[in-house]
Amino acid sequence: MNDTEEFVANELSKHGLICQRFSKSEIKKRKTPDYRVYRNNQFEFYCEVKEIKKDEWTQGLRNYPIFNRLTDDIHAAVKQFDAVNPDNDAPNVLAFVNNDHMCGSLALVGVLTGCLLLEGGGMAEIYQKYSNGRIKTEKDRIHLYLWYDTFKANKVLFNQKNDIHFKRLCNCFNIDPDSIKPINA
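Here the working numbering is used: the first residue of the sequence shown is 10, the next is one more, and so on.
As C-alpha cells, this is what we get:
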C-alpha cells in the first residue's frame, strides 16, 4: 500500500469503513481497483485511489494539463471498476488525493459537468470537450468522487444517476441525501 492509498484508507476509517486490498492472485488475473470497502463486515463499494501530483512545469507557456490528467484518471479507473463490477451491481468510488496547489475540486466539477461555475450561481459551458468527450459515458459509472486536498478541506461529489447507489453511499458517509444539491449542466 502506498502513502496515497494509506491516506484514503485512513480517511475512510473515520466513517467506520474498512478497506481491503484485492488478493495477489486476483490482481494477477485482471485489473482491479485498489480496495473493496466494508462496514460492519458487509461489502459496501469498490474504491480506486488516484494521486494528483504537483505539476513541476517550469518551461514557458503551455495548456493547463489538469483537465486531461483528470479525464485520464477517470478513464483508467473505469477500466479497473469494470474488470470487477461489469454490471455496476455495486457502487464505484474514485478518490483523488490532490497535492497540486494550482488544482482544485472545481476542476473535477468542470470535467464532469462541462461547465465552469461562476460567481452568483451561473455556469459557462467551456469544458464540454472533456465532459462530452472521452469520459462522456464513463463518468456515470463512478457513483462518488472523493476529493482530498492535502492542504485544505475535503470534498465529496455524488453522481445521482443511480438512486440505489446514491442512497447507499450517503448512508456510508452519514450524509442526508436530501441535503445534496445537484449541479445541473
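Every residue, glycine too, gets a C-beta built ideally from N, C-alpha and C.
Mapping DSSP to helix, strand and coil, what is PHE9? Beyond the ends of the chain as shown, which are 10 and 194, falls residue 9; an answer cannot be given.
Which word fits PRO74, buried or exposed, when buried means at least 16 other C-beta atoms lie within 10 angstroms of its C-beta? exposed
In terms of residue numbering, what span does the alpha helix (DSSP H) encompassing ARG143 cover? Taken as a continuous stretch (DSSP letters only), ARG143 belongs to no alpha helix (DSSP H), as it is neither H nor E.
Hey, how far is the Cα of LEU248 from the Cα of LEU153? Only positions 10 to 194 of the chain appear in the structure, and residue 248 is not among them; the question remains open.
Proximity below 8 Å, CB of PHE167 to CB of VAL106: no
At least 3 beta-carbon pairs within less than 8 Å: the region 90 to 101 vs the region 49 to 57: yes
According to DSSP, VAL165 sits in a beta bridge with which residue or residues? LEU155
Own chain residues within Cβ distance below 7 Å of SER140, not counting five before or after: VAL120, LEU121, THR122 and GLY123
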